[in-house]
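This note's numbering puts the first residue of the sequence shown at 33, with every later residue one more than the last.
Even glycine gets a Cβ: it sits at the ideal position worked out from N, Cα and C.
Here is the structure we will look at.
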Amino acid sequence: MAVMRKKYLEVSIKKVPQFQLPYWEIDSGKDGPCFMINAAQHGNEIMGCEVLRRFCPVASEKLERGRILMLPFINPLALKKRRTNIDSLPCKPKTGSKDDMNLAWPGRMEGTEIEQLVFTINKNLLRDVTHNIDMHCLSRINVTCAWPQESKKIMDFARAAALPGMKISSMESASGPITLARFMNSTGRIAFDMEFSGQYLLSEKEISRGLRMLSNCSKYLGIFPGEMEGMEEPVICMNEMIEVKASIDGLFVENGLKPGDFVEKGAMLGTLFSDSTLENEEVRAPAEGFLGSYGCRRRLSDVDLAAMHPYASKGDILAGICSQFTVENETSFAMLQNQKGF
Ligand SMILES: [Zn+2]
Numbered sequence: 033m034a035v036m037r038k039k040y041l042e043v044s045i046k047k048v049p050q051f052q053l054p055y056w057e058i059d060s061g062k063d064g065p066c067f068m069i070n071a072a073q074h075g076n077e078i079m080g081c082e083v084l085r086r087f088c089p090v091a092s093e094k095l096e097r098g099r100i101l102m103l104p105f106i107n108p109l110a111l112k113k114r115r116t117n118i119d120s121l122p123c124k125p126k127t128g129s130k131d132d133m134n135l136a137w138p139g140r141m142e143g144t145e146i147e148q149l150v151f152t153i154n155k156n157l158l159r160d161v162t163h164n165i166d167m168h169c170l171s172r173i174n175v176t177c178a179w180p181q182e183s184k185k186i187m188d189f190a191r192a193a194a195l196p197g198m199k200i201s202s203m204e205s206a207s208g209p210i211t212l213a214r215f216m217n218s219t220g221r222i223a224f225d226m227e228f229s230g231q232y233l234l235s236e237k238e239i240s241r242g243l244r245m246l247s248n249c250s251k252y253l254g255i256f257p258g259e260m261e262g263m264e265e266p267v268i269c270m271n272e273m274i275e276v277k278a279s280i281d282g283l284f285v286e287n288g289l290k291p292g293d294f295v296e297k298g299a300m301l302g303t304l305f306s307d308s309t310l311e312n313e314e315v316r317a318p319a320e321g322f323l324g325s326y327g328c329r330r331r332l333s334d335v336d337l338a339a340m341h342p343y344a345s346k347g348d349i350l351a352g353i354c355s356q357f358t359v360e361n362e363t364s365f366a367m368l369q370n371q372k373g374f
């Protein structure tokens, strides 16, 4: 049986109090791949954190070869802000942030706080890693990205995830700063990043999908026993998406569909309700296909949902427990009123 250890990486960053980054290491004691799985590079993308909490005991029981490193909270600085990046603000696009952790690999010792954090993780944990899954969330169907396009090993690893959608980006077309997956791929490792559907929240359906992904990918690597599941399910290609755009200003009223649904050409997608004329405009599918996205959302913006974020600070109220309302309650309330002189 594999050994599970909780470990801490000492992180010393200028302008940030020293802290320890916790992670799990599951070691089979036998040679094999070193599989790193991380979540929450973006602090509001928390689905993968819960996936790892549940996957840890599964991996401890099933790991037969190699090692698994799990970092459920790889960017505690953004997590504590309850936002995408440490400089994110409500309703501001996340693009162009100088503090985007997933655009900071492999980091810099003398860089920003985030670049220093990335540098520390890379220097201390990534050296032996052969495979990586970087878990994100976006308000759309799951996407798997892989670089470079022609690498069959990366594609096969990503296909093993059995996610409902797949988007392929080639190394050549990727320019500018480097994501974790791209950094891993460019240094000869097998890696992809993926998106759960929904930020700021935990969805049981998505978490189950994430657990299946990690078990499947472990089976693909030969470090878990058993057959991969869900490989017969259809996978939507997200590379070429026909965008259906609003023809007028108005409230977009959805027609009860969800990402992943198949629609015929001409199918009713919803109604635009004009705020200037009060007229309705039907929105119909211009072609048949699967819905890769659905609904009018500013999906690349941070939304003002920070107060709804389930990350608890010590002392935060998590629940309130009440007793049944009785005559005694009424009596004591009446007494209280009398005391206050109402
Ligand atoms: Zn992300």
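Can you tell me whether DSSP reads residue i as helix, strand or coil?
i           : result
residue 295 : strand
residue 277 : coil
residue 70  : strand
residue 164 : strand
residue 308 : coil
residue 17  : Residue 17 is absent from the structure shown; the chain starts at 33 and stops at 374.
residue 286 : strand
residue 170 : strand
residue 198 : strand
residue 302 : strand
residue 268 : strand
residue 374 : Residue placement at residue 374 cannot be trusted, given a pLDDT of 47 that sits under 50; the coordinates are not used to answer.
Which stretch, first to last residue, makes up the alpha helix (DSSP H) that contains residue i?
i           : result
residue 239 : 236 to 252
residue 154 : 145 to 157
residue 134 : Element bounds for residue 134: n/a, residue is neither H nor E.
residue 37  : First-last for residue 37: 35 to 45, but that is the beta strand (DSSP E), not the alpha helix (DSSP H).
residue 190 : 184 to 192
residue 215 : 212 to 218
Of the choices the options, whose alpha-carbon is the least far from that of residue i?
i           : options               : result
residue 346 : 277, 41, 112 and 35   : 112
residue 166 : 62, 132, 103 and 151  : 103
residue 128 : 187, 137 and 117      : 117
residue 321 : 294, 244, 301 and 243 : 294
residue 95  : 299, 330, 257 and 341 : 257
residue 275 : 283, 134, 210 and 316 : 316
residue 260 : 267, 250 and 136      : 250
residue 263 : 241, 42 and 271       : 241
residue 52  : 61, 41 and 60         : 41
residue 268 : 133, 247 and 198      : 198
residue 48  : 349, 143, 291 and 183 : 143
residue 84  : 297, 245 and 311      : 245
residue 247 : 195, 185 and 135      : 195
residue 312 : 337, 283 and 349      : 283
residue 73  : 100, 213 and 286      : 213
residue 343 : 233, 50 and 223       : 233
Hey, how far is the Cα of residue i from the Cα of residue j?
i           : j           : result
residue 307 : residue 314 : 15 Å
residue 162 : residue 69  : 11 Å
residue 356 : residue 367 : 19 Å
residue 374 : residue 359 : Residue confidence is low: residue 374 scores 47 on pLDDT, short of 50, so the model does not pin down where it sits. Its coordinate-derived value is still stated next. Rounded to the nearest angstrom, the two C-alpha atoms are 20 Å apart.
residue 225 : residue 37  : 25 Å
residue 108 : residue 364 : 46 Å
residue 58  : residue 353 : 38 Å
residue 236 : residue 138 : 33 Å
residue 193 : residue 148 : 31 Å
residue 115 : residue 169 : 12 Å
residue 243 : residue 277 : 35 Å
residue 91  : residue 82  : 14 Å
residue 362 : residue 110 : 46 Å
residue 189 : residue 288 : 34 Å
residue 319 : residue 98  : 47 Å
residue 211 : residue 230 : 21 Å
residue 67  : residue 221 : 10 Å
residue 140 : residue 310 : 55 Å
residue 272 : residue 351 : 45 Å
residue 71  : residue 286 : 31 Å
residue 219 : residue 56  : 24 Å
residue 60  : residue 334 : 40 Å
residue 155 : residue 252 : 27 Å
residue 86  : residue 124 : 33 Å
Quick check on the DSSP output: the beta strand (DSSP E) that includes residue i runs from which residue to which?
i           : result
residue 229 : 222 to 229
residue 51  : 48 to 59
Residue i CB to nearest chain B CB: under 7 Å?
i           : result
residue 347 : Chain labels in this structure do not include chain B; a single protein chain is all it has.
What residue ranges within the segment 312 to 370 form continuous beta strand (DSSP E) runs of no fewer than 3 residues, ordered along the chain?
You should have 312 to 316.
Residue ranges of each beta strand (DSSP E) run of no fewer than 3 residues wholly in the segment 77 to 137, ordered along the chain?
99 to 103
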